[in-house]
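Student: Chains A and C, in that order, give the protein sequences.
Per the UniProt record's numbering, the first sequence starts with residue 1, numbered consecutively.
Per the UniProt record's numbering, the second sequence starts with residue 1, numbered consecutively.
Note that the Cβ used here is the ideal one computed from N, Cα and C, for glycine as well.
The structure displayed is predicted, hence computed values, not measured ones.
2 protein chains.
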Amino acid sequence: MEDGERIKYTNQRVEILNFLQNNYSHPTVEDVYEGVRKKLTRISKATVYQNLKFLASKGLIQEVNIKGVSRFEPNINPHHHIICKNCGAIVDFESKELTEFSLQLIKNMKEFDIESTNTNFFGICNKCIK
Amino acid sequence: MEDGERIKYTNQRVEILNFLQNNYSHPTVEDVYEGVRKKLTRISKATVYQNLKFLASKGLIQEVNIKGVSRFEPNINPHHHIICKNCGAIVDFESKELTEFSLQLIKNMKEFDIESTNTNFFGICNKCIK
DNA sequence: TCTACAATTAATATTAAATATCAATTGATA
DNA sequence: TATCAATTGATATTTAATATTAATTGTAGA
Numbered sequence: 001m002e003d004g005e006r007i008k009y010t011n012q013r014v015e016i017l018n019f020l021q022n023n024y025s026h027p028t029v030e031d032v033y034e035g036v037r038k039k040l041t042r043i044s045k046a047t048v049y050q051n052l053k054f055l056a057s058k059g060l061i062q063e064v065n066i067k068g069v070s071r072f073e074p075n076i077n078p079h080h081h082i083i084c085k086n087c088g089a090i091v092d093f094e095s096k097e098l099t100e101f102s103l104q105l106i107k108n109m110k111e112f113d114i115e116s117t118n119t120n121f122f123g124i125c126n127k128c129i130k
Numbered sequence: 001m002e003d004g005e006r007i008k009y010t011n012q013r014v015e016i017l018n019f020l021q022n023n024y025s026h027p028t029v030e031d032v033y034e035g036v037r038k039k040l041t042r043i044s045k046a047t048v049y050q051n052l053k054f055l056a057s058k059g060l061i062q063e064v065n066i067k068g069v070s071r072f073e074p075n076i077n078p079h080h081h082i083i084c085k086n087c088g089a090i091v092d093f094e095s096k097e098l099t100e101f102s103l104q105l106i107k108n109m110k111e112f113d114i115e116s117t118n119t120n121f122f123g124i125c126n127k128c129i130k
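(1) Lys67 (chain C) touches chain A at which residues, Cβ-Cβ below 8 Å?
(2) Tell me, please, whether the CB atom of Asn126 (chain A) is closer than 7 Å to any CB atom in chain C?
(3) Step through the CB atoms of chain C and report whether any lies within less than 7 Å of the CB of Ile82 (chain A).
(4) Please report how far the alpha carbon of Ile16 (chain C) lies from the alpha carbon of Glu100 (chain A), in whole angstroms.
(5) Whose C-beta lies closer than 6 Å to the C-beta of Gly35 (chain C) among residues of the same chain, with five residues either side of it excluded?
(6) Please list the residues of the stretch 29-59 of chain A that have a C-beta atom closer than 7 Å to any C-beta atom in chain C, keeping them in chain order.
(7) By Cβ distance, which residues of its chain are closer than 6 Å to Arg13 (chain C), with the 5 residues on each side in sequence left out?
(8) Would Ile129 (chain C) be called buried (16 or more neighbouring beta carbons within 10 Å of its own) or exposed?
(9) Is the Cβ of Glu111 (chain A) closer than 7 Å to any Cβ of chain C?
(10) What are the residues of the stretch 71-101 of chain A that lie near chain C, defined by any Cβ-Cβ distance shorter than 8 Å?
(11) Can you find a C-beta in chain C that's less than 7 Å from the C-beta of Ser116 (chain A)?
(12) Quick check for students: name the residue ranges of the beta strand (DSSP E) that lie wholly in the stretch 55-119 of chain C, counting only runs of 3 or more.
(13) Please tell me whether Asn120 (chain C) has its Cβ less than 7 Å away from any Cβ of chain A.
(14) Among residues of its own chain, excluding the 5 on either side of Ile114 (chain C), which ones have a beta-carbon nearer than 6 Å to its beta-carbon?
(15) Determine the burial state of Gly68 (chain C): buried for a count of at least 16 other Cβ atoms within 10 Å of its Cβ, exposed for fewer.
(16) Less than 7 Å between the C-beta atoms of Thr117 (chain A) and Ser102 (chain A), yes or no?
(17) For Gln62 (chain A), does the count of other Cβ atoms within 10 angstroms reach 16, so buried, or fall short, so exposed?
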């Protein structure tokens, strides 16, 4: 598919998007595969990989790598993440203020042409404390 | 080795620390292995893995995962990273201001007990622009 | 409608990073 | 010096991700 062309919404892509829609648990490829398989029982894991990459490259979803594994989310706006060091739970943290503050701070960096920024917070979630 | 016990500085550990000392290029395990092998020709990659993990757990070095691969650095202070989306180059960005601003912003988060934060900046480095 | 073509899918193979296992070695201490 | 736990190094295994490719799909043009 050439760049700029209209996106082909195959069944597989629609189901993957459906699965991610309103799913803010930051599922891994495996998670998405298991989820989508309930509807499209014959889908291949390779297809899930390919399409998650594809949809992310088109900006329809976002890929985020946490501790070495890729995760995907429907929230395509710039935002930040809070990660539980114990159970690995990931929660979005929306803060335009932080994004702007960061970009403001870095704007004199001559060695790089900065395009984006995001902040990770690490800690222990309530479930793991108790 | 029990927690709190004194750290055993084996030859392997010393060489790994030596290699990382003043090395701000954020080497991967493979890089460290290749580097250390020049001195300790018989060292095993497993040993490098084990000791990098070990040294990081003791706070003597820092592990940072970028795009799915672990990298290690001697800079153990909280700091941030600038990453070239093209060549993968990683540069440290020191900013207590940013760290504190971030922690300030998150301090009302009830669902997590936040311990640390770090910000990644993504862009294109000078080498890759030209 | 039929044909041709390009994109997509699915199955499988391959790669690469990381972890696990475990016998041999080391080194400190009783 | 003997003992014992930690460490090392070799190898096996696991896991995430990518690569390959034949079959399928779907669309556009004849």
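Tutor: In terms of the structure at hand:
(1) Translated into the one-based positions of the second sequence, residue 67 (chain C) becomes position 67. Near Lys67 (chain C) (Cβ distances below 8 Å), the residues of chain A are Asn65.
(2) Sequence index remark: in the first sequence, residue 126 (chain A) carries index 126 (1-based). So, interface residue.
(3) The residue labelled residue 82 (chain A) in the question sits at position 82 within the first sequence. At least one chain C Cβ lies under 7 Å of Ile82 (chain A).
(4) As a position in the second sequence, residue 16 (chain C) is number 16, starting the count at 1. As a position in the first sequence, residue 100 (chain A) is number 100, starting the count at 1. Distance between the alpha carbons of Ile16 (chain C) and Glu100 (chain A): 38 Å.
(5) Here residue 35 (chain C) is taken as the residue at index 35 of the second sequence, counted from 1. Hits under 6 Å: Phe19.
(6) none
(7) The residue given as residue 13 (chain C) occupies position 13 in the second sequence. Excluding positions up to five away in sequence, the list reads Asn51.
(8) Walking along the second sequence from the start, residue 129 (chain C) turns up at place 129. Under this definition Ile129 (chain C) is an exposed residue.
(9) Counted from its first residue, the first sequence places residue 111 (chain A) at position 111. So, interface residue.
(10) Ile82, Cys84, Lys85, Val91, Phe93, Ser95, Glu97, Leu98, Phe101
(11) Counting from one through the first sequence, the residue named residue 116 (chain A) turns up at place 116. By this cut-off, Ser116 (chain A) is an interface position.
(12) 62-66, 69-73, 80-84, 90-93
(13) Taking the second sequence and counting its residues from 1, one reaches residue 120 (chain C) at position 120. When Cβ-Cβ separations below 7 Å define contact, Asn120 (chain C) makes contact with chain A.
(14) The sequence position of residue 114 (chain C) within the second sequence is 114, counting from 1. The residues are Ile106.
(15) As a first step, residue 68 (chain C) is located in the second sequence; it is residue number 68 there, counting from the start. It is exposed - the Cβ of Gly68 (chain C) has fewer than 16 other Cβ atoms within 10 Å.
(16) For the purposes of this step, residue 117 (chain A) is identified with residue 117 of the first sequence, where counting begins at 1. For the purposes of this step, residue 102 (chain A) is identified with residue 102 of the first sequence, where counting begins at 1. In contact: Thr117 (chain A) and Ser102 (chain A) (Cβ atoms closer than 7 Å).
(17) Locating residue 62 (chain A) in the first sequence gives position 62, counting from the first residue. Classification of Gln62 (chain A): buried, given that the 10 Å Cβ count is 16 or more.
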